[in-house]
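One structure is given below, encoded as C-alpha cells.
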Amino acid sequence: MKIAAYEVRPDEKPVIEGLCKKYGIDLISTPANLDKTTANMAAGCDGVTTLGQSDYCNEVLDELKGYGVQVLASRCVGYNHMNCDYARSLGFRLCNGAYAPNGVAEYTVMAILMCIRKFKKALYNTNDNDFTLKGKMGRELRTMTVGVMGTGKIGFTIIKCLSGFGCRIIANDVYENDAVRAYAEYVDLDTLYRESDIITIHTPLLPETTGMIDREAIAKMKDGVVFIDNARGELMDIDAVTEAVESGKFGALFMDAFPGETGIIHVPHDEDIIRTPGMPYFKLKYLRSFVNVYHTPHMAFFTEEAAEQMAECGVNSIYEILTEGKSKHEIPC
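Written as C-alpha cells, this is what we have:
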C-alpha cells in the first residue's frame, strides 16, 4: 500500500509517518498542495490525503485516477473543495477528517469575550501607551442573548460552554437536537436575528447557505449586534457585512474565515499583498482597519489535540477502506 500526503505541516509529519510505519505503508510526503503541477507525485499510490487548500479540479482527478488512486481523504472536516460529484463519478472513495469540537468552541467563546470587552482597542491603545478607559467600556455576557446558528457538534459544544456564563442562549438548526434544549431555546431564524445581541454561525457551507448573511438577514438583526464567523467565509455576503461594519449595524465583527481565502491562508503573503492579483486583500485590509473588526487566519481548529486527530484520520481512513472496505470517516453519498 502506498499513500501520497499533501499539505503536510510540520506538526502533522511525525503522526503521519508514524502511522504509515505502523501499518507498513509506503509514504510520499510533501508540504505542497495537490494541484496540476504536483499530482504526478501520486503515481502508483492507492490513496491521497490533503488539507483544504488543494485543487481537486477535474483534470487533477482524471490524472489521479490514471495513476490508480482509489481513496481521497481530506484531513479537514469540510470537504467542499473535493469536487465530490465528479470524484465519485470516477469511482473514488471519499473521506473527511474529524476532531473534537472543543478547540473551535473555546475559540468562539474567546472571540465573543474579545468583542464585548473591546480587546482590540484596549491592546492597540496600550501598545501606544494610551492607558485611558475612553471607548473601552464593555458588556457582561450574563446580561446578553447569544444566538447560535447551527447546533451540530461545534455549535452544541459552544452552547454548553456559554451556559456557564449565565447568558440567554437561543439556537437555530434545520435538524434540532434534543440535548441542546437543556441549555438553549430553539427559535426560528428571524427570531434569532431579532433578539440576539451576539450571533455566532456554525452552519455547513451548502448552496442554500452560501451568502446567507446578506443585507436582508442583517437588516433583521439588532443595531450593534456582535457577529462571529468561525466557520466558512462564504456564509457571508462580504459586501453586506462591510456595509454593516461601516454603518455601525455591527457593533463588532470577528472572522476566522473570509470569502476566497482558499490558497491564501496558512502561507505567508507579507511581500505580495499589493502585487498579487485575484486575492481579496483589499476588502480584507479595509475591514481590518476598523477597531471593532477582528480577523484570524482560519485557526480556530488549530490545537495540538485536533491537529493530531486530523493527521490520524488522513491515514486511518485510507487504510481502513483499502483493508476493510469501509471507514467511519467516509463521506456519505
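Going by numbering that gives the first Met the number 0, the letters in the sequence shown line up with residues 0 to 332, in that order.
Where is the CB? At the ideal position from N, CA and C, for every residue including glycine.
Only a predicted model underlies this, so the values are computations on that prediction, with no experimental measurement involved.
Contact set for residue i: own chain, Cβ-Cβ below 8 Å, skip 5 residues either direction
i, result
"R193", "K219, M220 and K221"
"G324", "none"
"R87", "L93 and C332"
"G247", "D222 and G223"
"T208", "T202 and L234"
"Y123", "V290"
"F130", "N124"
"N82", "Y55, C56, N57 and L60"
"I404", "No information on residue 404 is available, as it lies outside the stretch 0 to 332 that the chain covers here."
Cβ-based neighbour list, residue i, same chain, cut-off 6 Å, excluding 5 preceding and 5 following
i, result
"G223", "G250"
"L26", "I2 and C19"
"V7", "S28 and P30"
"R231", "L204 and A256"
"I264", "P296 and H297"
"I115", "G137 and R138"
"Y318", "Y22"
"R214", "A239"
"Y185", "A170 and E175"
"F226", "I198, F249 and L252"
"L140", "F164 and C166"
"I320", "V70, R92 and S326"
"A299", "V103, Y106, N229 and D255"
"S316", "A72, C94, S326 and H328"
"I24", "M0 and I2"
"V108", "C160"
Candidates the options, of which the one nearest residue i by Cα
i, options, result
"T29", "V70, P9, Y66 and F130", "P9"
"L50", "M254, Q308 and T125", "Q308"
"N171", "I200, A181, G163 and G165", "I200"
"T150", "R138, A181 and G313", "A181"
"A99", "N57, F155 and D61", "F155"
"D189", "Y174, A183, P206 and A216", "A216"
"S326", "T107, T302, N95 and F226", "N95"
"C44", "L63, D213, Y106 and E58", "L63"
"E242", "V173, F91 and L286", "L286"
"G46", "C56, E58 and L71", "L71"
"F289", "E311, V240 and I320", "V240"
"E175", "F164, D187 and T142", "D187"
"V179", "G146, G210 and D127", "G146"
"L191", "T144, I24 and G90", "T144"
"V85", "M109, V59 and R74", "Here the sequence assigns Tyr to residue 85, which means Val is not the residue at that position. Checked all of M109, V59 and R74; the closest Cα to Y85 is V59."
"R74", "P206, I15 and D177", "I15"
"P258", "G210, V244 and D127", "G210"
"P337", "A310, S316, H328 and K133", "Any answer about residue 337 is impossible in this case: the structure gives the chain only from 0 up to 332."
"T142", "E245, V173, S195 and Q52", "S195"
Other residues of its chain near residue i: CB distance less than 7 Å, five sequence neighbours each side excluded
i, result
"G17", "none"
"K135", "K117, K120 and A121"
"I273", "Unreliable placement is indicated for I273, whose pLDDT of 49 sits below 50; the coordinate value is still reported in the next sentence. Excluding positions up to five away in sequence, the list is empty."
"M278", "Caution applies to M278, whose pLDDT of 48 falls short of 50 and renders its modelled position unreliable; the value that the coordinates give is listed next. Hits under 7 Å: I263."
"P276", "Unreliable positioning characterises P276 in this predicted model, as indicated by a pLDDT of 49, which lies under 50. The coordinate reading is nonetheless provided below. Hits under 7 Å: none found."
"A42", "Y66"
"A305", "Y98, A99 and G102"
"M40", "A3, I27 and T29"
"E11", "A306 and A310"
"L89", "L60 and K64"
"T322", "none"
Residue i Cβ short of 7 Å to the ligand SAM heavy atom set
i, result
"V7", "Ligands displayed in this structure: none; no statement on the ligand SAM is therefore possible."
Beta carbon of residue i nearer than 8 Å to that of residue j
i, j, result
"I111", "I197", "yes"
"I168", "A104", "no"
"T261", "L234", "no"
"D54", "N32", "yes"
"M406", "Y293", "The chain is shown from 0 up to 332; residue 406 falls before or after that span and cannot be answered."
"K284", "I237", "no"
"T302", "G163", "no"
"A97", "T48", "no"
Interface flag, residue i vs chain B, CB-CB below 8 Å
i, result
"E245", "Looking at the structure shown, chain B is missing, and only one protein chain is on hand."
Subject >> Cβ contact (3+ pairs, closer than 8 Å) linking the segment 78-94 and the segment 32-39 >> reply: Contact between the segment 78-94 and the segment 32-39 is not established, with fewer than three Cβ pairs separated by less than 8 Å.
Original post:
Can at least three beta-carbon pairs, one atom from the segment 55-70 and one from the segment 157-164, be found at a separation below 8 Å?
Top reply: Taking a contact to require three or more Cβ pairs closer than 8 Å, the segment 55-70 and the segment 157-164 do not qualify as touching.
Original post:
Considering only residues of the segment 148-225, which uninterrupted beta strand (DSSP E) runs meet the minimum length of 3 residues and lie entirely inside it, listed in chain order?
Top reply: Entirely contained in the segment 148-225, the beta strand (DSSP E) runs reaching 3 residues are, in chain order, 167-171 and 197-200.
Original post:
At what residue ranges does the segment 34-119 contain a whole run of the beta strand (DSSP E), taking only runs of 3 or more?
Top reply: Within the segment 34-119, the runs of beta strand (DSSP E) that reach at least 3 residues and sit entirely inside it are, in chain order, 46-49, 70-73 and 92-94.
Original post:
Which full runs of the beta strand (DSSP E) of 3+ residues lie inside the segment 5-35, going along the chain?
Top reply: Along the length of the segment 5-35, whole beta strand (DSSP E) runs at least 3 residues long occupy 25-28, reported in chain order.
Original post:
Taking the runs of the beta strand (DSSP E) that are 3 residues or longer, which of them lie wholly in the segment 280-310?
Top reply: The DSSP assignment places complete beta strand (DSSP E) segments of no fewer than 3 residues inside the segment 280-310 at 292-294, in order along the chain.
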